[in-house]
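Residue numbers (the working numbering), protein chains in the order written: chain A, 1 to 212; chain B, 1 to 212.
Virtual Cβ for every residue (Gly too), placed ideally from N, Cα, C.
These numbers come from a predicted model, not from an experiment.
Right, one structure below, let's go through it.
Protein chains: 2
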Amino acid sequence: MEDRFFKNIPHRTIERLSQYRRALQIYSDKGKTSIFSHQIAALLHITAVQVRRDLMLIGYSGSLRKGYDINDLITLIGELIDSPDGQKVAIFGMGDLGRAIINYFRGKREKLKIVAGFDTNPEKANHEVAGIHCYPLEKTAEIIGKEGIKIGILTVPGDQADETVRIMVEAGIKGVLNYTPTPVEVPDDVYLEEYNMISSIEKVAFYVKERQ
Amino acid sequence: MEDRFFKNIPHRTIERLSQYRRALQIYSDKGKTSIFSHQIAALLHITAVQVRRDLMLIGYSGSLRKGYDINDLITLIGELIDSPDGQKVAIFGMGDLGRAIINYFRGKREKLKIVAGFDTNPEKANHEVAGIHCYPLEKTAEIIGKEGIKIGILTVPGDQADETVRIMVEAGIKGVLNYTPTPVEVPDDVYLEEYNMISSIEKVAFYVKERQ
DNA sequence: TTTGCACTGTTAAATGAATAACAAAATGGA
DNA sequence: TCCATTTTGTTATTCATTTAACAGTGCAAA
């Protein structure tokens, strides 16, 4: 029995595919219809070989001397990484960061929709925040279940991270993106991605220091 | 002539060191004074071997059966990744995301200080935003030069990214962390790190989909 | 004491990812 | 028509990173 073929696509390639799509959309918006591997590469600060190799892995062929058809490629990447029926996302913590993500996202992804927010603050709960309905945290299980939400973004203050993620997982969330400064624990069947802004800034600071 | 010994430390290790420090501080705040490699590993969802290997690379030794001294290790990591005299950071774009980062950062890093914000919005310019003085974008060269700021975080709307980063680089910024959805260009002597939230969410969504 | 356990530190092997090398083919110009 | 150029697609190689294997050692319990 063969796995779906893109099961063996490297993680790094998956990450880049998402970035390719975004870059392609920018090009598409400028009225372009085709693009060379070296142009994609320049946008993402990688090599043209890597772009071609990634596209080879997903089975897309360009045409010699014309490059890749932008719309076809956007479509194909969508078929690979999007869910055909779409996926719903909830934001836990409607502070600055939660709002920033909502605004960032607005209208960008058809197949991936932020449909609910949760917050303990009664000022926010039961109101619209940045156009998204915000529920009190106690309603998590109910709403997550009813809406079939599987993906949660964690943007609460660090000291509430553990407790919030526990509630999320219990309610049925299967993928967590943790923007909190506190590392969290999830069961094996939940995909977890941690991102720490402070570490990113420290990394930039480190390499700036090292280069001088 | 030997390079400073940590020139050959893998990039991934550098990233993890910053994360180790944060995890150690959480442990330290709980009153603990020493920690085992497998405890650090559990916090960061990696293996104990990797932790020990990373610590070996930076030349730190724990003691058998007691593990690592938390304070010593925090200090050593600081000596490696921090600049002794500190580094100043500016935020370009004082929207939700800019404010979120400022609040995130507050009081967390002694050697890395956000000292200025820039925004084109005259409502914000010349006021304090989240405790940081916000200047109009035209003042970039003046303030960056005067303060000796070398690190800039880009949180403007996507369509202003290119122009803003041009101004940053011209003013003397040597490290850029781009949180904008638009990839930018910088000269070779400027360290650039791009982070795209949408790609991160897409990645989580992809692996959630794949696991079902 | 001595034995077994629970750790660390280090070298060796395996895996994963990026780069290099190059064949093949379409195009435009001589 | 044929050649030089430009670009893709793919295999081979190199490089980077993680994981495995295991030696060494202090401590605790018998």
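Opposite residue i in the DSSP bridges: which residues?
{"i": "I151/B", "result": "V89/B, G175/B"}
{"i": "I35/A", "result": "Y68/A"}
{"i": "E193/A", "result": "L177/A"}
{"i": "S63/A", "result": "G67/A"}
Where does the unbroken alpha helix (DSSP H) through residue i begin, and where does it stop?
{"i": "M94/B", "result": "First-last for M94/B: undefined, no H or E at that position."}
{"i": "V51/A", "result": "48 to 57"}
{"i": "I14/B", "result": "11 to 29"}
Which whole-angstrom value is the C-beta distance of residue i and residue j, which I expect to be below 8 Å?
{"i": "L137/A", "j": "I167/A", "result": "7 Å"}
{"i": "S37/B", "j": "A48/B", "result": "4 Å"}
{"i": "G148/A", "j": "G117/A", "result": "About 17 Å separates the two Cβ atoms, so there is no contact after all."}
{"i": "I132/B", "j": "I151/B", "result": "Actually they are not in contact, since the Cβ atoms of I132/B and I151/B sit about 14 Å apart, beyond 8 Å."}
{"i": "E202/B", "j": "L112/A", "result": "7 Å"}
{"i": "I81/B", "j": "L177/B", "result": "The pair is not a contact, with the Cβ atoms about 15 Å apart (cut-off 8 Å)."}
{"i": "S34/B", "j": "G78/B", "result": "Actually they do not touch by this definition, with Cβ atoms about 18 Å apart."}
{"i": "D159/B", "j": "N103/A", "result": "Between N103/A and D159/B the Cβ distance is about 14 Å, and since that is not below 8 Å, they are no contact."}
{"i": "Y179/B", "j": "T164/B", "result": "That pair is no contact at about 12 Å."}
{"i": "V129/A", "j": "A90/A", "result": "That belief does not hold up - the Cβ atoms of V129/A and A90/A are roughly 13 Å apart, past 8 Å."}
{"i": "I101/A", "j": "M197/B", "result": "6 Å"}
{"i": "P195/B", "j": "S199/A", "result": "The question names Pro, but residue 195/B in the sequence shown is Tyr. The pair is not a contact, with the Cβ atoms about 11 Å apart (cut-off 8 Å)."}
{"i": "G214/B", "j": "A205/A", "result": "As displayed, chain B neither begins before 1 nor continues past 212, which places residue 214/B out of reach and without an answer."}
{"i": "T182/B", "j": "A161/B", "result": "4 Å"}
{"i": "Q19/A", "j": "L44/A", "result": "6 Å"}
{"i": "F134/A", "j": "K146/A", "result": "Sequence inspection shows Cys at residue 134/A; the Phe mentioned does not correspond to that position. Contact flag wrong, Cβ pair sits at about 16 Å."}
{"i": "V208/A", "j": "V186/A", "result": "34 Å between Cβ atoms; not a contact."}
{"i": "F92/B", "j": "I143/B", "result": "Actually they do not touch by this definition, with Cβ atoms about 11 Å apart."}
{"i": "Q50/A", "j": "A42/A", "result": "With a Cβ gap of about 12 Å, Q50/A and A42/A do not count as contacting."}
{"i": "I74/A", "j": "R21/A", "result": "6 Å"}
Continuous alpha helix (DSSP H) assignments of at least 4 residues falling wholly in the segment 101 to 155 of chain B: Complete alpha helix (DSSP H) runs here, min 4: 140 to 147.
Scan the segment 85 to 107 of chain A for residues whose Cβ lies nearer than 9 Å to a Cβ of chain B and list them as they occur along the chain. The residues in question are Q87, V89, G95, D96, L97, G98, R99, A100, I101, I102, N103, Y104, F105.
Counting only Cβ-Cβ distances shorter than 8 Å, please list the residues of the segment 18 to 33 of chain B near chain A, keeping chain order. S18, Q19, R22, A23, I26
For the segment 196 to 210 of chain A, which residues have a CB atom closer than 8 Å to at least one CB atom of chain B, in sequence order? N196, M197, I198, S199, S200, I201, E202, K203, V204, A205, F206, Y207, V208, K209, E210
Which residues of the segment 113 to 137 of chain B have a Cβ closer than 7 Å to any Cβ of chain A? Give them in chain order. Listed in sequence order: no entries.
Chain-ordered residues of the segment 172 to 193 of chain B with a beta carbon less than 8 Å from chain A: Shown in chain order are the members of the segment 172 to 193 of chain B whose Cβ falls below 8 Å from a Cβ of chain A: K174, G175, V176, L177, P181, T182, P183, D189, Y191, L192, E193.
Under 7 Å (Cβ pairs) to chain B, residues found in the segment 61 to 76 of chain A: none
Can you pull out the residues from the segment 34 to 50 of chain A whose beta carbon lies closer than 8 Å to at least one beta carbon of chain B? L43, L44, H45
Of all the residues that make up the segment 154 to 168 of chain A, which are near chain B by a beta-carbon distance shorter than 7 Å? none
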